[in-house]
Amino acid sequence: MVFRKLMAAFGAGVEVDTVLQNSHVRPGEVLRGQVNFRGGGSDYKVEGIFIDFTAVVEVESGDNEYKSTYSFLRQQITGSFQLAAGAPQSAPFEIQVPWETPISAVAGHPLRGMQLGVSTELALAGALDKGDLDALFVNPLPAQDHVLGALSNLGFGFKKADLERGTLQGSRMPFFQEIEYYAGPEYRRHFNELELTFIAGPQAMDIILEADKRGSFGSSQDTYSRFTVHYNDHPGQVEQSLRGALQAMAQKRGWF
4 MVFRKLMAAF
14 GAGVEVDTVL
24 QNSHVRPGEV
34 LRGQVNFRGG
44 GSDYKVEGIF
54 IDFTAVVEVE
64 SGDNEYKSTY
74 SFLRQQITGS
84 FQLAAGAPQS
94 APFEIQVPWE
104 TPISAVAGHP
114 LRGMQLGVST
124 ELALAGALDK
134 GDLDALFVNP
144 LPAQDHVLGA
154 LSNLGFGFKK
164 ADLERGTLQG
174 SRMPFFQEIE
184 YYAGPEYRRH
194 FNELELTFIA
204 GPQAMDIILE
214 ADKRGSFGSS
224 QDTYSRFTVH
234 YNDHPGQVEQ
244 SLRGALQAMA
254 QKRGWF
């Protein structure tokens with residue numbers, strides 16, 4: 004157990020350590036953990052302990068682009084209580100992972116370009132002190148796995164993943180995930196890259212595809228498709244829907 008010291012009002016240190024029962028979860032599942040903390044040199048009133056789900060997001064502002072940390076879920080896990088000097092205490096918590104939480108791991112391995120975390124904050128003596136930040140690895144839902152597997156079957160090669168600031172139709176998140184691929188061999192002459200976005204809910208999810216074809220002289224043609232996959236759909240049905248969307252996008256631009 005590793006405690007990190009928070010400097011509360013008047014310089015009294017309060018030590019905090021958050022332990023996640025399982026840092027690998029799926030959207031819709033419950034994240035369980037426990038906040039362990041120990042009082043400093045004085046008695047203090049803790050006004051509350053909060054858990055924040057955070058993500059690193061790409062932000063475009065004019066011609067500039069920078070990264071910023073966004074909180075997409077904030078939950079209070081305790082009310083106020085007295086923390087005696089030097090006294091150890093703990094607070095267990097259970098928090099449902101939002102359905103729209105972006106994927107940050109595939110097959111148990113971190114997804115390159117994604118940074119999700121769980122931070123702990125104490126409202127202590129009128130000030131908010133940030134505690135430790137633990138990495139959060141969100142694995143795909145089975146239906147999302149079907150889509151990723153279908154793209155792999157079609158020869159698409161993973162390029163990168165990131166989060167972009169903005170709210171898409173049907174979403175409640177302040178950002179959206181783009182998983183970028185190099186086009187598979189069947190589609191390579193029609194477009195160069197494909198961007199995949201999931202908008203997941205309890206029963207089904209929307210899939211947004213953006214295909215990018217670079218023309219001569221630096222011009223580009225982008226086209227989009229959006230369709231719904233239900234979680235009880237057969238993997239073969241998912242792949243068929245994906246193929247249909249890809250071909251429809253190509254035909255729309257006259258690429259076939």
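According to this note's numbering, the sequence shown is numbered sequentially starting from 4.
Cβ atoms here follow ideal geometry from the backbone N, Cα and C, with glycine treated the same way.
Because the structure is a prediction, the values reported are computed rather than measured.
Cα-Cα separation between residue i and residue j, rounded to whole angstroms
{"i": "L245", "j": "T231", "result": "10 Å"}
{"i": "E196", "j": "K163", "result": "11 Å"}
{"i": "T81", "j": "P177", "result": "26 Å"}
{"i": "F84", "j": "F40", "result": "13 Å"}
{"i": "N25", "j": "N156", "result": "30 Å"}
{"i": "H149", "j": "Y47", "result": "51 Å"}
{"i": "G51", "j": "E181", "result": "35 Å"}
{"i": "R168", "j": "P238", "result": "31 Å"}
{"i": "P95", "j": "S45", "result": "24 Å"}
{"i": "P205", "j": "A87", "result": "43 Å"}
{"i": "F6", "j": "T72", "result": "Because the pLDDT at F6 is just 43, under 50, the model does not fix this residue reliably, and the value given afterwards should be weighed accordingly. Answer to the nearest angstrom: the Cα atoms are 23 Å apart."}
{"i": "S228", "j": "G120", "result": "31 Å"}
{"i": "M10", "j": "G42", "result": "With a pLDDT of 45 at M10, under the threshold of 50, the modelled position of this residue cannot be trusted; read the value that follows with caution. Roughly 11 Å between the two C-alpha positions."}
{"i": "V22", "j": "A214", "result": "41 Å"}
{"i": "T104", "j": "V17", "result": "31 Å"}
{"i": "L34", "j": "T170", "result": "25 Å"}
Residue i and residue j closer than 7 Å at C-beta
{"i": "N142", "j": "H27", "result": "yes"}
{"i": "A108", "j": "F140", "result": "yes"}
{"i": "L166", "j": "A58", "result": "yes"}
{"i": "Y30", "j": "A203", "result": "Looking at the sequence itself, residue 30 is Pro, so the reference to Tyr does not match. Going by C-beta atoms, P30 is nearer than 7 Å to A203."}
Integer-rounded CB distance, given that residue j should sit under 8 Å from residue i
{"i": "Y184", "j": "G160", "result": "6 Å"}
{"i": "I54", "j": "Q78", "result": "5 Å"}
Complete alpha helix (DSSP H) runs within the region 99-187 (minimum length 4 residues, chain order): Whole alpha helix (DSSP H) segments, 4+ residues: 145-156.
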